[in-house]
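Protein chains in written order, with the numbering used here: chain A, 195 to 632; chain B, 195 to 632.
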């Protein structure tokens with residue numbers, strides 16, 4: 195059999211169930227899928243492919259899965275740092291969104307984020323924003339995979355001036371988006387339990403359920419939210435969501451920092467999923483999510499960066515490193531959150547959190563060929579004793595050399611092939627010039 | 195006047211006392227020194243230089259100062275992760291050092307670390323290890339600046355099989371090293387209060403003082419050390435060092451995590467300096483150093499990576515990002531450890547911590563020309579509202595394009611000009627093959 199694409203001459207981090215590492219491995223791809231993964235012995239020939247990608251001794255691994263983004267917010271990268279969350283949100287981000295978010299700016303903000311993600315090895319993201327149809331078109335155009343939700347919030351929002359239309363608009367988007375591409379999965383993104391009424395939450399969840407969509411929601415992000423929930427709902431944010439029927443296997447709880455032990459048990463029992471965003475949680479001083487306890491309770495946890503306005507980048511390699519270190523120091527135990535746990539969260543765990551673990555998240559026959567090649571011929575990646583350790587603790591997104599999604603090469607030798615990067619950067623600079631004039 | 199080197203067409207982050215940022219700035223260099231820094235107006239001509247370095251709209255900033263390294267330990271990068279500190283040290287690092295550390299391996303380990311540092315914008319390091327004369331030769335060869343101390347420990351050590359010779363060996367190194375180059379400053383590195391006797395500490399400090407050398411020492415790194423100090427010395431590690439006369443302005447306290455309020459006051463009163471190593475402290479789960487309190491007490495704090503075996507890289511850009519985020523989440527206050535504070539720690543604060551603030555650490559006339567150009571034409575660095583924010587929260591070492599030390603261009607367009615990088619990588623790979631056989 196001649197394959198469409200063969201990736202060879204690298205160490206394969208499969209991130210399969212046994213966390214197999216193949217010293218001299220070959221990934222054989224046909225029709226966008228991984229057909230087989232071969233371990234080469236000394237003289238065995240390399241399988242034949244119409245296209246060959248030589249990893250040159252680097253590391254071959256699954257594309258990373260970013261479980262929480264607001265792609266167009268790359269427009270606001272570094273606009274406002276080191277501020278209290280309420281000032282950051284109310285005095286900077288919301289006004290900038292009200293004034294500068296429109297289909298044109300959303301398009302270039304999303305393309306910028308996609309370019310950054312794909313160049314740093316992220317092949318799938320789970321996003322929530324407004325004008326999400328434009329976001330979906332950008333993700334599709336660049337060739338990535340996405341679970342993409344139109345935002346629902348009980349305030350006037352970009353493109354949805356009347357909150358009474360918020361669910362209608364989210365549903366219209368989801369229906370428009372269905373069938374755009376097998377790589378694009380519509381979703382519904384309810385902003386939070388404190389910005390959406392009980393009725394909005396229930397109706398949005400029902401709309402997601404009737405269409406089999408992932409339901410994303412920020413929850414228990416700040417201590418303030420936790421305290422207010424006690425006053426308003428006489429219970430924790432998580433138990434409130436459970437009471438009104440929001441928690442189930444298709445619900446992705448984003449942040450999930452301020453949880454009590456019962457909350458963790460409920461999340462586990464409902465098989466709801468969690469997106470952990472350590473760098474955003476640190477930068478906004480929200481707190482440290484009890485991820486060790488969540489994992490211990492069997493909860494599926496994926497890793498996310500959050501939007502660029504609170505991170506300020508989308509590099510999941512750095513996010514893995516930070517996640518490992520944060521939880522070690524927080525627990526005063528260097529053995530927790532080890533390389534395998536972290537790599538799982540950034541790949542198969544993330545895929546499972548957004549309902550795509552049957553399709554992506556590991557390098558295994560039958561899965562979509564979303565593959566990343568990391569160049570290890572750089573001083574900070576030499577020597578190598580353990581490729582998984584190198585990926586988590588030493589590599590960063592700029593070490594990614596080649597990126598493949600569904601068998602298509604999107605990045606080759608660090609060059610993004612599917613869009614005009616210079617044009618995107620130029621357009622974003624113009625938009626930011628306007629924002630600066632404010 | 196025709197300058198030797200003119201760096202132009204970039205935003206200058208001076209990191210001077212006023213933290214001036216110059217939109218379109220020019221750095222004029224002669225005889226290795228910054229002669230002047232010019233803000234260009236619209237049509238003003240660029241000053242003339244024998245060599246011109248066009249920053250192409252990027253960011254021009256001081257070379258970073260890494261206040262704590264063990265350069266040869268790059269040989270052990272990723273050898274042993276996710277282990278308790280005692281197992282890591284006693285079962286992995288110490289045996290590997292005993293077997294594999296020799297002048298040849300130290301040379302290539304140090305060259306590897308220097309290559310990584312200089313390519314990621316660090317121009318000065320403060321190092322402590324054994325065979326430090328070999329380290330000094332490597333730092334000098336690559337063209338960097340260093341405060342470099344031979345290790346003193348009351349155990350058999352690489353190159354110093356009899357601990358009775360430890361101080362003699364450190365002094366002989368310092369004398370040999372004096373005058374090697376104006377960029378190389380000898381120092382004495384006493385390992386810690388728990389691995390050196392009181393007599394050793396006092397004699398080593400006296401030897402440093404009589405030669406005007408920086409005295410480096412690990413202190414109060416772990417809770418265990420803190421508790422043991424109470425038993426053995428009936429006081430905290432810092433108060434013990436103070437009691438025996440170790441604390442003064444030439445002493446650099448490395449880690450300084452487990453401090454009580456009195457310790458902080460004493461460090462401040464003695465004007466001793468602190469090297470803060472957040473990523474190493476997180477990865478080894480040592481704890482969070484009370485850096486906010488130290489800064490509040492007026493203590494000079496520099497940033498450090500520690501050795502590659504506990505980080506696992508030497509990228510000070512990432513270290514800045516982590517430092518900011520760690521202290522924000524630890525204090526549950528997003529306004530602390532802001533970009534200016536962090537950038538200061540990585541430049542002028544670090545320079546002051548190792549006694550070089552009159553020479554380096556900021557871009558100002560009269561200082562040595564240690565300058566870094568950061569390429570901002572990359573998706574993760576667009577748009578730019580605040581260059582300092584971009585450096586701390588979005589950039590990493592691989593965004594560094596050009597590096598100048600004492601007016602010499604060591605890196606141009608990401609190419610390291612002073613040593614054969616491929617040869618170093620190959621030599622280190624061979625050494626690591628031996629270590630793997632263990």
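Where a beta carbon is used, it is the ideal one built from N, C-alpha and C, also for glycine.
Model, not experiment: these values are computed from the prediction.
The beta strand (DSSP E) spanning residue 316 of chain B covers which residue range?
On the second chain, residue 316 of chain B is found 122 positions in, with the first residue counted as 1. 316 to 323 is the span of the beta strand (DSSP E), which, as asked, contains residue 316 of chain B.
Partner residues on chain A for residue 529 of chain B, Cβ-Cβ distance less than 7 Å
Within the second chain, residue 529 of chain B is the residue found at index 335, counting from 1. Correct list: 276, 277, 278.
Distance between residue 555 of chain B and residue 535 of chain B (C-alpha atoms, nearest Å):
Against the second chain, residue 535 of chain B aligns to sequence position 341. Against the second chain, residue 555 of chain B aligns to sequence position 361. Distance between the alpha carbons of residue 535 of chain B and residue 555 of chain B is about 14 Å.
Taking one C-beta from the stretch 355 to 368 of chain B and one from the stretch 393 to 400 of chain B each time, how about it: are there three or more such pairs within less than 8 Å?
yes
Any Cβ of chain A within less than 8 Å of the Cβ of residue 433 of chain B?
In the second chain, the residue the question calls residue 433 of chain B occupies position 239. No, because no Cβ of chain A sits closer than 8 Å to the Cβ of residue 433 of chain B.
Taking a contact to mean a Cβ-Cβ separation below 8 Å, would you say residue 377 of chain A touches residue 321 of chain A in this structure?
The sequence position of residue 377 of chain A within the first chain is 183, counting from 1. The sequence position of residue 321 of chain A within the first chain is 127, counting from 1. The Cβ atoms of residue 377 of chain A and residue 321 of chain A lie no closer than 8 Å to each other.
Less than 7 Å separating the Cβ of residue 602 of chain B from some heavy atom of the ligand SAM?
This structure does not include the ligand SAM; it has no bound ligands of any sort.
Looking at residue 584 of chain A and residue 590 of chain B, is the spacing between their C-beta atoms short of 8 Å?
Sequence index remark: in the second chain, residue 590 of chain B carries index 396 (1-based). Sequence index remark: in the first chain, residue 584 of chain A carries index 390 (1-based). Not in contact: residue 590 of chain B and residue 584 of chain A (Cβ atoms no closer than 8 Å).
Quick one, which residues of the stretch 545 to 576 of chain A are near chain B if we go by CB-CB under 9 Å, in chain order?
571, 572, 573, 574, 575, 576
By the three-class DSSP mapping on this structure, what secondary structure does residue 338 of chain A have?
Here the question's residue 338 of chain A lines up with position 144 in the first chain. In this structure, residue 338 of chain A counts as coil in the three-state DSSP scheme.
So, do the stretch 276 to 284 of chain B and the stretch 528 to 542 of chain A have three or more beta carbon pairs nearer to each other than 8 Å?
yes
So, does the stretch 195 to 209 of chain A touch the stretch 218 to 237 of chain A, judging by three or more C-beta pairs under 8 Å?
yes
Considering Cα atoms alone, identify which of A:541, A:352, A:469 is closest to residue 263 of chain A.
As a first step, residue 263 of chain A must be located in the first chain, where it is residue number 69. Among A:541, A:352, A:469, the Cα nearest to that of residue 263 of chain A belongs to A:469.
Give the residues of chain A in contact with residue 473 of chain B, contact being defined as C-beta atoms less than 7 Å apart.
If you number the second chain from 1, residue 473 of chain B lands on position 279. 519, listed in chain order.
Roughly how many angstroms separate the alpha carbons of residue 619 of chain B and residue 323 of chain A, rounded to a whole number?
For this step, residue 619 of chain B is matched to residue 425 along the second chain. For this step, residue 323 of chain A is matched to residue 129 along the first chain. The alpha-carbon atoms of residue 619 of chain B and residue 323 of chain A are separated by roughly 45 Å.
At which residue ranges does the stretch 452 to 533 of chain B contain complete beta strand (DSSP E) runs of 3 or more residues, listed in the order of the chain?
467 to 470, 495 to 497
In whole angstroms, what separates the C-alpha of residue 346 of chain B from that of residue 285 of chain A?
Counting from 1 along the second chain, the entry for residue 346 of chain B is found at position 152. Counting from 1 along the first chain, the entry for residue 285 of chain A is found at position 91. So the two alpha carbons sit approximately 54 Å from each other.
If we count the other Cβ atoms within 10 Å of its Cβ and call it buried at 16 or more, is residue 369 of chain B buried or exposed?
Here residue 369 of chain B is taken as the residue at index 175 of the second chain, counted from 1. It is exposed - the Cβ of residue 369 of chain B has fewer than 16 other Cβ atoms within 10 Å.
Output yes if chain B places a C-beta closer than 8 Å to the C-beta of residue 476 of chain A; else output no.
The residue you call residue 476 of chain A lines up with position 282 of the first chain. With 8 Å as the cut-off, residue 476 of chain A counts as an interface residue toward chain B.
Would residue 319 of chain A and residue 225 of chain A qualify as a contact pair, given that the criterion is a beta-carbon distance under 8 Å?
The sequence position of residue 319 of chain A within the first chain is 125, counting from 1. The sequence position of residue 225 of chain A within the first chain is 31, counting from 1. In this structure, the beta-carbon distance from residue 319 of chain A to residue 225 of chain A does not fall below 8 Å.
The alpha helix (DSSP H) that contains residue 425 of chain A, what's its start and end?
Counted from its first residue, the first chain places residue 425 of chain A at position 231. 417 to 427 is the span of the alpha helix (DSSP H), which, as asked, contains residue 425 of chain A.
For chain B, is any of its Cβ atoms less than 8 Å away from the one on residue 647 of chain A?
Any property of residue 647 of chain A remains undetermined from this structure, which presents chain A solely from 195 to 632.
Limits of the unbroken alpha helix (DSSP H) element including residue 393 of chain B:
Taking the second chain and counting its residues from 1, the one referred to as residue 393 of chain B is at position 199. Residues 392 to 404.
The alpha helix (DSSP H) that contains residue 542 of chain A, what's its start and end?
On the first chain, residue 542 of chain A is found 348 positions in, with the first residue counted as 1. Run containing residue 542 of chain A: 542 to 547, per the alpha helix (DSSP H) assignment.
I'd like to know whether the C-beta atoms of residue 432 of chain B and residue 451 of chain B end up nearer to each other than 8 Å.
Within the second chain, the letter at position 238 stands for residue 432 of chain B. Within the second chain, the letter at position 257 stands for residue 451 of chain B. It is not a contact, given that the beta carbons lie outside the stated cut-off.
Quick check: the Cα distance between residue 473 of chain A and residue 601 of chain A, rounded to an integer number of angstroms?
Translated into the one-based positions of the first chain, residue 473 of chain A becomes position 279. Translated into the one-based positions of the first chain, residue 601 of chain A becomes position 407. So the two alpha carbons sit approximately 31 Å from each other.
Between residue 244 of chain A and the rest of its own chain, which residues show a CB-CB distance below 6 Å, the 5 nearest in sequence each way excluded?
Counted from its first residue, the first chain places residue 244 of chain A at position 50. Hits under 6 Å: 198.
Which of the residues in the stretch 491 to 515 of chain B, read from start to end, lie with their CB under 9 Å from any CB of chain A?
502, 505, 506, 507, 508, 509, 512, 515
Secondary structure, beta strand (DSSP E): runs of 3+ residues fully inside the stretch 228 to 306 of chain B:
243 to 248, 253 to 256, 258 to 263
Given that a residue counts as buried once 16 or more other Cβ atoms are within 10 Å of its Cβ, and exposed if not, what is residue 236 of chain B?
For the purposes of this step, residue 236 of chain B is identified with residue 42 of the second chain, where counting begins at 1. Label assigned to residue 236 of chain B: exposed.
Considering just the uninterrupted stretch of the alpha helix (DSSP H) at residue 212 of chain B, what are its terminal residues?
Here residue 212 of chain B is taken as the residue at index 18 of the second chain, counted from 1. Residue 212 of chain B -> no alpha helix (DSSP H), and no H or E assigned at all.
Going by C-alpha to C-alpha distance, which of A:459, A:253, A:340 sits closest to residue 316 of chain A?
To locate residue 316 of chain A, count along the first chain from 1; it is residue 122. Selected option, being the one with the closest Cα: A:340.
Use the C-beta contact count for residue 426 of chain B: other C-beta atoms within 10 angstroms, 16 or more gives buried, fewer gives exposed.
Taking the first residue of the second chain as position 1, residue 426 of chain B is located at position 232. When all chains shown are included, residue 426 of chain B counts as exposed.
Which bits of chain B does residue 335 of chain A rub up against, with CB to CB less than 9 Å?
Counted from its first residue, the first chain places residue 335 of chain A at position 141. None at all; the shortest Cβ gap to chain B is about 15 Å.
Find the residues of chain B that neighbour residue 522 of chain A, judging by a C-beta separation of less than 7 Å, and give them in chain order.
Residue numbering aside, residue 522 of chain A sits at position 328 when the first chain is read from its first letter. Correct list: 476, 477, 479.
So with Cβ pairs under 8 Å, would you call residue 193 of chain A a contact of chain B?
What the structure shows of chain A is the stretch from 195 to 632, and residue 193 of chain A is not part of that stretch, so it cannot be assessed.
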